[in-house]
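In the working numbering, the protein residues as written are 1 to 150.
We treat Cβ as the ideally placed atom computed from N, Cα and C, and that holds for glycine.
Encoded as structure tokens, the structure appears first; notes follow it.
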């Protein structure tokens, strides 16, 4: 799995990615380190610290404290799959559109039996193609992304 010389590791090896970001938090700068599982394309651990603590950590001078979080651990080590589905729903306006799209999408997954295979509706409808008004039927055609981790 390794394509460069690294020290031996203990435990199960998985392909990972790491990002280090500088975040402006009011008048303070914060450094955030985020770890991603490459197979599932999921961030699962992050930690925030001051730039001074990051420099100490980077040089290996000490263990530093910071604020951390873990999430999506049930996706780590799994493969992420996604595809689009299209379905219709009654016309609605305003803030209810995404809520209704999710509700009708979940019903469509159940109707097609896709929920049994682990498919879920993605969290957002941000594409320009997400909603298309069908004047002939006065319905909205929804194109949504569905995901699963296997």
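(request) Say whether the region 43-62 touches the region 99-111, bearing in mind that this needs 3 or more beta-carbon pairs closer than 8 Å, one atom from each stretch. (result) no
(request) Have a look at residue 80 and residue 42 and give me their C-alpha separation to the nearest angstrom. (result) Computed Cα separation, rounded: 8 Å.
(message) Within 10 Å of its beta-carbon, does residue 52 have 16 or more other beta-carbons around it, so buried, or fewer, so exposed?
(response) Exposed, since its Cβ has fewer than 16 Cβ neighbours within 10 Å.
(message) Is it buried or exposed, residue 82, if we count other Cβ atoms within 10 angstroms and call 16 or more buried?
(response) It is exposed - the Cβ of residue 82 has fewer than 16 other Cβ atoms within 10 Å.
(request) Consult DSSP for residue 22 and reduce its assignment to one of helix, strand or coil. (result) strand
(request) Would you decide whether residue 20 is buried or exposed? Buried here means 16 or more other CB atoms lie within 10 Å of its CB. (result) exposed
(request) Identify every residue that forms a DSSP beta bridge with residue 87. (result) 142
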